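Each remark here refers to the structure printed beneath this line.
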Amino acid sequence: MIFYRKDFEAGKELFEVSILDIAPTIAKIMGVTSAVEWEGKALV
Numbered sequence: 001m002i003f004y005r006k007d008f009e010a011g012k013e014l015f016e017v018s019i020l021d022i023a024p025t026i027a028k029i030m031g032v033t034s035a036v037e038w039e040g041k042a043l044v
């Protein structure tokens with residue numbers, strides 16, 4: 001998964017993620033609170 005924003009610091013992280021992590025990650029980037037029933041975790 002690749003995310004780009006002007007305020008993100010360049011870098012590379014290698015670790016296993018789940019498809020369930022996509023929604024919480026996008027929500028956190030957008031500044032939205034994740035729903036409690038979401039099973040994934042934000043990757044940022």
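The sequence shown maps to residues 1 to 44 in the numbering used here. For each residue, glycine too, the CB sits at the ideal point set by N, CA and C. Quick caveat, the model's predicted, so the values are computed rather than measured.
- Annotation: Glu9 to Ser18 spans about 23 Å, alpha carbon to alpha carbon.
- DSSP places Asp7 outside both helix and strand once states are collapsed to three, so it counts as coil.
- In its chain, beyond the 5 residues on either side, Ser34, Trp38, Gly40 have a beta carbon closer than 8 Å to the beta carbon of Ala23.
- Ile2 sits in coil when the DSSP states are folded into three classes, being neither helix nor strand.
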